[in-house]
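Asker: If you scroll down you'll find the structure; I have some questions about it.
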Amino acid sequence: MTSPVTSPPTTSTPVSSADILGNCKRIVIKIGSSLLVDPETGRVHGEWLKAFAEDVARCRARGQEVTIVSSGAIAIGRRHLNLSTGFLRLEESQAAAATGMLRLAHAYEEALARHDVTLGQILLTLDDTESRRRFLNARSTLNTLLKAGAVPLINENDTVATDEIRFGDNDRLAARVAAMISADALILLSDIDGLYTTDPASNADAVHVPVVDEITPEIDAMAGKAISSVGTGGMVTKLAAARVTMSAGCRMVITKGYDDHPIRLLEGGARCTWFMPTNSPRAARKEWIAGSLKPLGSITIDAGAEKALASGNSMLPAGIVSVDGTFDRGDPIVVKGISDHELARGISAYSSADIDLIKGHKTSEIEALLGYRGRDEVIHRDDLAIL
Numbered sequence: 006m007t008s009p010v011t012s013p014p015t016t017s018t019p020v021s022s023a024d025i026l027g028n029c030k031r032i033v034i035k036i037g038s039s040l041l042v043d044p045e046t047g048r049v050h051g052e053w054l055k056a057f058a059e060d061v062a063r064c065r066a067r068g069q070e071v072t073i074v075s076s077g078a079i080a081i082g083r084r085h086l087n088l089s090t091g092f093l094r095l096e097e098s099q100a101a102a103a104t105g106m107l108r109l110a111h112a113y114e115e116a117l118a119r120h121d122v123t124l125g126q127i128l129l130t131l132d133d134t135e136s137r138r139r140f141l142n143a144r145s146t147l148n149t150l151l152k153a154g155a156v157p158l159i160n161e162n163d164t165v166a167t168d169e170i171r172f173g174d175n176d177r178l179a180a181r182v183a184a185m186i187s188a189d190a191l192i193l194l195s196d197i198d199g200l201y202t203t204d205p206a207s208n209a210d211a212v213h214v215p216v217v218d219e220i221t222p223e224i225d226a227m228a229g230k231a232i233s234s235v236g237t238g239g240m241v242t243k244l245a246a247a248r249v250t251m252s253a254g255c256r257m258v259i260t261k262g263y264d265d266h267p268i269r270l271l272e273g274g275a276r277c278t279w280f281m282p283t284n285s286p287r288a289a290r291k292e293w294i295a296g297s298l299k300p301l302g303s304i305t306i307d308a309g310a311e312k313a314l315a316s317g318n319s320m321l322p323a324g325i326v327s328v329d330g331t332f333d334r335g336d337p338i339v340v341k342g343i344s345d346h347e348l349a350r351g352i353s354a355y356s357s358a359d360i361d362l363i364k365g366h367k368t369s370e371i372e373a374l375l376g377y378r379g380r381d382e383v384i385h386r387d388d389l390a391i392l
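Quick note: to get my numbering, add 5 to the position in the sequence shown (first position is 1).
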């Protein structure tokens, strides 16, 4: 067994939450059950949610896109179904989620409507983030909602999830969502104000860790267990979430969320722990595309398209000369020049069969050629890594 760590690890210079969040374009906020739901009555803490909605409105007023990942559906629903206060069987959790999610979404809708904010509800399972096609569909839906000015409200799809496909907690779900949409920061509003060298609830000598640059075995040894009666997460799951976000180039922060206006308090200097990646979300994604994915096919482009590609543009069908291999939408492919050398790697927005039909044509002709209106780009520049 690893011995408890009683002194903080070496970290970078302390960071400013206000500076970090002020420079973020896209933010994901995860809310734990214990913050949102009264464990005795199963009711939503209305005043807290009202104050949180004001925080969201303030972020949006300065041009930021906000996505909310919220726990609480089961905690709300079990009381309305008069289920026991102890451990729930899977089918009981699913039934509680079915009734609780309705009330949870309605509470958010009412709170955000005061600020003229449109809410969009999305329920996800683990398979939605691991199946390439479902991943792309979920990402496309989220991006469309955000670009339209809505706030996505996300929860695990507890009504259909099984033990094999459950995220198990919304910390990791929030991390997957943050990575999926290339968020700049993930805020975990929790019942603890960050990472400590040991559990501060049982050890008075526990030391707060303000910044983590790398999750080492020493950091792992600091993780404790969940102590909330209505939540499922703990520091172990938060570190798992940090691994996902940091590998995606997304910053993550853990801070206490019980008080009203938790985002404003965070920006004002509330105690927290920041997990700081070395890459930006864009750079991390391109690195992943270039080096971690096995290409399933290739396209060859003309000299004009090669020049456009080098200038940072997306790959359009007009510049494609030929297609090699058999692949589907969402698969990784290689982009080659006329001389057959590799220029880039990317995620295709079309199958090989569809690209074969639209190659050499203008984007305005796609619908007539395929019978549906797809994306203008065969590979969007955000899904393209120049070699």
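Beta carbons: idealized from backbone N, C-alpha and C, even for Gly.
Only a predicted model underlies this, so the values are computations on that prediction, with no experimental measurement involved.
Jot down the residue ranges of each uninterrupted beta strand (DSSP E) in the segment 327 to 355, minimum 3 residues, whole runs only, in chain order.
Answerer: Counting only runs of 3 or more, we get 337 to 341, 347 to 352.
Asker: For the alpha helix (DSSP H) that T250 lies in, which residues bound it at each end?
Answerer: Per DSSP, T250 belongs to the alpha helix (DSSP H) from 240 to 252.
Asker: Which residue's Cα is closest to the Cα of I34: R48, V241, I268, A116?
Answerer: Cα-wise, what sits closest to I34 is I268.
Asker: Taking the beta carbon of Y377 as the centre, do at least 16 other beta carbons fall within 10 Å, making it buried, or is it exposed?
Answerer: Result: exposed.
Asker: Per the contact definition of three or more C-beta pairs closer than 8 angstroms, is the segment 114 to 134 in contact with the segment 82 to 95?
Answerer: Touching, no.
Asker: Taking the alpha carbon of M281 as the reference point, which residue from L270, V216, T104 has its own alpha carbon closest?
Answerer: Comparing Cα-Cα distances from M281 to each of L270, V216, T104, the minimum goes to V216.
Asker: Quick check: the Cα distance between N148 and I73, rounded to an integer number of angstroms?
Answerer: For N148 and I73, the distance between alpha carbons rounds to 14 angstroms.
Asker: Counting along the chain, where does the beta strand (DSSP E) carrying E135 start and finish?
Answerer: From DSSP, E135 is part of no beta strand (DSSP E) but of the alpha helix (DSSP H) over 131 to 135.
Asker: What is the residue span of the alpha helix (DSSP H) that V20 lies within?
Answerer: Here V20 belongs to no alpha helix (DSSP H), and DSSP marks it neither H nor E.
Asker: Is it the case that the segment 297 to 309 contacts the segment 56 to 71, given that we only count it when at least three CB pairs across the two stretches are under 8 angstroms?
Answerer: Verdict: no, contact absent.
Asker: Going along the chain, which residues of its own chain have a beta-carbon closer than 8 angstroms to the beta-carbon of L93, five neighbours each way excluded?
Answerer: I79, R83, A101.
Asker: Let me know the secondary structure DSSP gives S319 once reduced to three states.
Answerer: Note: S319 maps to coil in three-state DSSP.
Asker: Thinking A253 and L26 are a contact (beta carbons under 8 angstroms), I'd like their distance in whole angstroms, please.
Answerer: With 8 angstroms as the limit, A253 and L26 do not qualify as a contact, their Cβ atoms being about 18 angstroms apart.
Asker: With DSSP as the reference, please indicate the residues paired to V33 in a beta bridge.
Answerer: BP columns for V33 point to T72, L191.
Asker: Output needed for A349: all residues of its chain with C-beta closer than 7 angstroms, excluding positions within five of it in sequence on either side, in chain order.
Answerer: Hits under 7 angstroms: L314, V340, L389, A390, I391, L392.
Asker: With which residues is A58 paired in a DSSP beta bridge?
Answerer: According to DSSP, which records beta bridges pairwise, A58 is partnered with nothing at all.
Asker: Out of T368, D225, E382, L131, point me to the one whose CA is closest to N318's CA.
Answerer: Among T368, D225, E382, L131, the Cα nearest to that of N318 is on E382.
Asker: Apart from the five residues just before and just after M106, which ones in its own chain have a Cβ nearer than 7 angstroms to its Cβ?
Answerer: Closer than 7 angstroms at the Cβ level, and outside the excluded window around M106, lie A78, N160.
Asker: Using the rule of at least 16 other Cβ atoms within 10 Å of the residue's Cβ for burial, across every protein chain shown, is R19 buried or exposed?
Answerer: In the sequence on display, residue 19 carries Pro and not Arg. With fewer than 16 other Cβ atoms within 10 Å, it is exposed.
Asker: Applying the criterion that 16 or more other CB atoms from any shown protein chain within 10 Å of the CB defines a buried residue, is I36 buried or exposed?
Answerer: Result: buried.
Asker: Tell me the residue span of the beta strand (DSSP E) that contains R269.
Answerer: No beta strand (DSSP E) holds R269; the alpha helix (DSSP H) holding it covers 267 to 272.
Asker: Taking the beta strand (DSSP E) that I159 falls in, what are its first and last residues?
Answerer: Counting along the chain, the beta strand (DSSP E) containing I159 begins and ends at 156 to 161.
Asker: Give the C-beta separation of G335 and R138 to the nearest angstrom, bearing in mind that I take them to be a contact with Cβ-Cβ under 8 angstroms.
Answerer: Contact holds; Cβ gap of about 5 angstroms.
Asker: Measuring straight from C-alpha to C-alpha, what distance separates T7 and P222?
Answerer: Low confidence applies to T7: its pLDDT is 41, below 50, so where it sits in the model is not reliable, and the reading given next is rough at best. Taking the straight line joining both Cα atoms gives about 9 angstroms.
Asker: Going by the CB atoms, is the gap between I325 and G351 shorter than 7 angstroms?
Answerer: For G351 and I325, no; Cβs fall outside 7 angstroms.
Asker: List the endpoints of the continuous beta strand (DSSP E) containing M257.
Answerer: Residues 256 to 261.
Asker: Can you tell me whether K30 is buried or exposed, with buried defined as 16 or more other CB within 10 angstroms of its CB?
Answerer: Label assigned to K30: exposed.
Asker: Relative to the C-alpha of R380, which candidate in S353, S21, L270 has its C-alpha closest?
Answerer: Looking at the Cα atoms, S353 is the closest of the given residues.
Asker: From the DSSP output, in three-state form, read off V122 for me.
Answerer: Note: V122 maps to coil in three-state DSSP.
Asker: Which whole-angstrom value is the C-beta distance of D196 and K261, which I expect to be below 8 angstroms?
Answerer: D196 to K261, Cβ: 7 angstroms. Contact.
Asker: Among residues of its own chain, excluding the 5 on either side of S357, which ones have a beta-carbon nearer than 7 angstroms to its beta-carbon?
Answerer: Closer than 7 angstroms at Cβ, skipping near neighbours: G302, V328, G330, T331, F332.
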